[in-house]
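As numbered in the UniProt record's numbering, residues 1 to 568 make up the sequence shown, in order. Quick reminder that beta carbons are idealized off the backbone N, C-alpha and C, glycines included. Inspection log for the structure reproduced underneath, given as structure tokens.
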Amino acid sequence: MTKELWWQNSVVYQVYPKSFQDSDNDGIGDLRGIINRLDYIKKLGIDIIWLNPIYKTSNIDGGYDISDYQSINPTFGNMSDFQELLDKAHQLGLKIMMDLVVNHSSFEHEWFQKSIADYSKNNHYRDYYIWRDPVDNHEPNNWGSFFSGPAWTYDEDSGQYYLHLFAKEQPDLNWDNQEVRHSIFDMMNWWASKGIDGFRMDVISLISKPTGLPNAPVEEDSLYGNAGDACANGPHVHEYLREMNEQVLQKHDWITVGETAGVTTSEAEKYANLNGTELNMVFQFEHVSLDGNSNSALGKWSDKKVSLMDLRENLVKWQKALAGKAWNSLYWNNHDQPRAVSRFGNDSVEYREVSAKMLAALLHFMQGTPYIYQGEELGMTNANFQKLSQYSDLESINAYHELVEQAHLLNSDDMMRYLRARSRDNSRTPMQWDNTNHAGFSDAEPWLAVNNNYQSINAASELKNPNSIFYFYQKLIELRHTKPIITHGIFDLVEGNENDEEVFAYTRKSEGETLLVVANFTSHDVNRQYNIPTNSELLIQNYKSIQDDILRPYEVRAYLFLDTSKIT
Ligand code: TEU
Numbered sequence: 001m002t003k004e005l006w007w008q009n010s011v012v013y014q015v016y017p018k019s020f021q022d023s024d025n026d027g028i029g030d031l032r033g034i035i036n037r038l039d040y041i042k043k044l045g046i047d048i049i050w051l052n053p054i055y056k057t058s059n060i061d062g063g064y065d066i067s068d069y070q071s072i073n074p075t076f077g078n079m080s081d082f083q084e085l086l087d088k089a090h091q092l093g094l095k096i097m098m099d100l101v102v103n104h105s106s107f108e109h110e111w112f113q114k115s116i117a118d119y120s121k122n123n124h125y126r127d128y129y130i131w132r133d134p135v136d137n138h139e140p141n142n143w144g145s146f147f148s149g150p151a152w153t154y155d156e157d158s159g160q161y162y163l164h165l166f167a168k169e170q171p172d173l174n175w176d177n178q179e180v181r182h183s184i185f186d187m188m189n190w191w192a193s194k195g196i197d198g199f200r201m202d203v204i205s206l207i208s209k210p211t212g213l214p215n216a217p218v219e220e221d222s223l224y225g226n227a228g229d230a231c232a233n234g235p236h237v238h239e240y241l242r243e244m245n246e247q248v249l250q251k252h253d254w255i256t257v258g259e260t261a262g263v264t265t266s267e268a269e270k271y272a273n274l275n276g277t278e279l280n281m282v283f284q285f286e287h288v289s290l291d292g293n294s295n296s297a298l299g300k301w302s303d304k305k306v307s308l309m310d311l312r313e314n315l316v317k318w319q320k321a322l323a324g325k326a327w328n329s330l331y332w333n334n335h336d337q338p339r340a341v342s343r344f345g346n347d348s349v350e351y352r353e354v355s356a357k358m359l360a361a362l363l364h365f366m367q368g369t370p371y372i373y374q375g376e377e378l379g380m381t382n383a384n385f386q387k388l389s390q391y392s393d394l395e396s397i398n399a400y401h402e403l404v405e406q407a408h409l410l411n412s413d414d415m416m417r418y419l420r421a422r423s424r425d426n427s428r429t430p431m432q433w434d435n436t437n438h439a440g441f442s443d444a445e446p447w448l449a450v451n452n453n454y455q456s457i458n459a460a461s462e463l464k465n466p467n468s469i470f471y472f473y474q475k476l477i478e479l480r481h482t483k484p485i486i487t488h489g490i491f492d493l494v495e496g497n498e499n500d501e502e503v504f505a506y507t508r509k510s511e512g513e514t515l516l517v518v519a520n521f522t523s524h525d526v527n528r529q530y531n532i533p534t535n536s537e538l539l540i541q542n543y544k545s546i547q548d549d550i551l552r553p554y555e556v557r558a559y560l561f562l563d564t565s566k567i568t
């Protein structure tokens with residue numbers, strides 16, 4: 001493994017600092033809390049920690065509204081705390097990937113304050129953002145915000161609108177302005193001087209807006225045009241990322257991952273090409289959009305269960321399309337997605353553990369860099385909130401008001417059910433460390449309620465149980481570090497598996513070895529026979545025994561053998 005590709009053999013652990021560990025008992029996670037838990041992350045076998053934004057913020061959108069890119073959110077600590085976290089992580093052999101949020105800033109950022117204060121032509125900050133005159137006394141186009149409402153806000157003083165694809169407190173930066181790009185590159189190089197190990201790049205596929213900012217198609221029942229579709233993979237995005245690569249990225253041996261809303265496999269080949277001219281890899285969103293609402297105006301708000309047929313088809317497409325051309329990230333959940341075991345598995349008392357392990361193995365034996373979201377290694381579940389007042393996320397709360405009270409597309413009960421299934425708060429409840437008050441996250445009332453199953457689902461109990469989900473993830477990570485076939489093997493489905501509605505079965509092949517993964521996606525026994533050679537090694541399984549021709553509910557097994565004959 002040559003040094004510059006170390007990130008292909010690595011596993012990333014995502015820490016959402018606000019919910020990870022509180023050390024000063026204000027009910028909010030902080031950097032010292034993370035420092036105190038580095039040994040836990042190291043024990044799991046992790047290589048890289050991705051920190052969600054820790055910068056000074058207006059705190060409208062979980063830190064994704066940055067008011068100073070080069071200072072630390074005082075609620076999380078200060079720059080010396082960060083340097084201590086970075087140094088201690090490095091001492092443990094852990095790398096730190098930061099979150100880069102430069103499609104937009106906070107409205108409280110100095111740049112925006114200067115931009116809005118003076119609309120005269122000699123104010124060069126005016127063009128740091130996207131200002132337009134009204135059209136027929138209305139917004140310049142029909143784009144809607146990801147967080148409900150229009151994507152434009154009117155400024156009385158200047159008589160112009162400014163663009164915000166997200167909240168009105170998150171004005172979009174004008175990437176067509178070279179001065180903006182260079183200011184961002186300077187900031188990135190400043191963080192490089194601190195010794196960080198890379199960046200996750202927030203909505204980086206949206207930074208280049210379409211020329212002329214044309215209206216977007218308005219889907220049936222929708223109030224606005226889809227700005228995400230209008231802006232994704234824009235006319236200059238690859239030019240700007242190549243410039244970032246030349247000015248910043250290629251100077252450092254970093255991991256870089258683009259969060260690329262709207263990315264396709266062909267676009268991913270550009271963003272994550274193996275020539276290293278842009279980024280190492282991207283997060284695609286197709287597999288986490290398959291269970292969206294059939295009414296497109298409702299988008300992700302649904303409680304639909306994705307079928308194995310659809311999920312497998314999409315994952316296989318990405319495995320095969322990028323093979324040899326680009327690099328995949330592999331994830332089930334993050335701070336924006338609900339908990340994997342509740343969404344793709346079965347979070348009942350009976351099946352939570354085996355289905356969490358099945359999902360883990362199914363993903364971690366694929367080609368790409370796996371991302372584990374805090375608590376996923378414990379099988380943490382969705383929050384199951386019953387009242388709107390329990391939610392904190394503006395996306396969820398705004399969607400409730402728009403869809404139930406303004407557009408009248410849903411009744412309250414249906415929307416509350418959809419929030420329980422899809423709200424981002426599902427993954428933001430405090431990390432469940434032990435069965436003491438507030439799950440050991442804090443001695444104070446946490447900013448968001450702890451999931452009420454913390455007394456049975458927590459790190460302390462997992463660490464005491466040799467057959468826990470934690471140790472299953474630890475084993476998967478150890479296998480990735482010791483079996484090159486997991487990094488390099490050619491992916492293919494077992495012959496005929498594309499038609500199997502219950503079992504996902506695939507192989508990885510490399511230098512005379514075959515890795516076989518078989519996973520039952522259902523809650524019942526299924527009868528399957530595979531021609532597994534007698535000399536095969538059972539690498540991992542989520543049941544204590546094996547019944548040769550039977551895969552029990554959510555059973556997963558991975559075999560390794562010296563043979564490349566076709567598995568049927
Ligand atoms: O999310 C980008 C994005 O597309 C979100 O709309 C996300 O896909 C959606 O909320 C899923 O329901 C990034 C960050 O991950 C998110 O936390 C921020 O709120 C958003 O950008 C704005 O910075």
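- Looking only at Arg422, Tyr373, Leu173 and Gln21, the smallest Cα-Cα distance to Lys304 is reached by Arg422.
- C-alpha of Ile477 to C-alpha of Ser396: approximately 34 Å in a straight line.
- Assignment of Leu290 by DSSP, reduced to helix, strand and coil, places it in the coil class.
- Gly228 is not a Cβ neighbour of Pro210, given a cutoff of 7 Å.
- Between the segment 247-266 and the segment 191-206 there are three or more C-beta pairs closer than 8 Å, enough to call the two in contact.
- Between Arg126 and Ser115, the C-beta spacing is below 7 Å.
- Inter-segment contact for the segment 31-41 and the segment 390-409 is absent: fewer than three beta-carbon pairs are separated by less than 8 Å.
- Gln170 is not bridged by DSSP to any residue.
- If the five residues before and after Tyr154 are omitted, its C-beta is found closer than 6 Å to the C-beta atoms of Tyr161, all from its own chain and listed in chain order.
- A heavy atom of the ligand TEU is found nearer than 6 Å to the CB of Glu395.
- Secondary structure of Thr514 (DSSP, three-state): strand.
- DSSP places Ala558 inside the beta strand (DSSP E), whose first and last residues are Val556 to Phe561.
- Taking all protein chains in view, the Cβ of Asp61 is crowded by 16 or more other Cβ atoms within 10 Å, so the residue is classified as buried.
- Nearest to His138 by alpha-carbon distance, out of His124, Leu85 and Glu156, is Glu156.
- Contact between Asn451 and Thr482 is ruled out by a C-beta separation of about 34 Å, above the 8 Å threshold.
- Burial check for Val349: the Cβ neighbour count within 10 Å stays below 16, so the residue is exposed.
- Spatial neighbours of Glu108 in its own chain (CB-CB distance under 7 Å, excluding positions within 5 residues in sequence) are listed in chain order as Ser58 and Ser67.
- Shortest gap from the CB of Phe199 to any heavy atom of the ligand TEU: 6 Å or more.
- With three or more CB-CB distances shorter than 8 Å, the segment 99-108 counts as touching the segment 166-176.
- A straight-line Cα-Cα distance of about 51 Å links Gly63 and Asn531.
- Pairing Asp443 with Ala460 gives a Cβ-Cβ distance that is not under 7 Å.
- In terms of CA proximity to Glu513, Lys566 leads the group Glu498, Ser148, Arg552 and Lys566.
- DSSP places Val316 in the uninterrupted alpha helix (DSSP H) bounded by Leu308 to Leu322.
- Excluding five sequence positions before and after Gly345, the CB atoms of its chain that fall closer than 8 Å to its own CB belong to Tyr351, Arg352, Ser355, Ala356, Met358, Leu359 and Tyr554, given in chain order.
- Put simply, of Glu286, Thr507 and Ser10 the residue whose alpha carbon is nearest the alpha carbon of Trp254 is Ser10.
- Contact annotation: Ser468 and His488 have beta-carbon atoms that are not nearer than 7 Å.
- In this structure, Ile54 places its C-beta atom within 7 Å of the C-beta atom of Phe76.
- Within the chosen limit of 6 Å, the ligand TEU reaches the beta carbon of Tyr64 through at least one heavy atom.
- Only buried fits Asp65, as 16 or more other CB atoms lie within 10 angstroms of its CB.
- Pairwise C-beta distances place the segment 368-377 in contact with the segment 316-332, as three or more of them are shorter than 8 Å.
- Taken from the Cβ of Asp443, every heavy atom of the ligand TEU lies 6 Å or farther away.
- With fewer than 16 other CB atoms across the displayed protein chains lying within 10 angstroms of its CB, Lys387 is exposed.
- DSSP, reduced to helix, strand and coil, places Ala439 within a helical segment of the structure shown.
- When distances are taken from the beta-carbon of Phe344 to the heavy atoms of the ligand TEU, even the shortest one reaches 6 Å or more.
- Between Gly212 and Met97, the C-beta spacing is not below 7 Å.
- The alpha-carbon of Glu267 is positioned some 14 Å away from that of Thr277.
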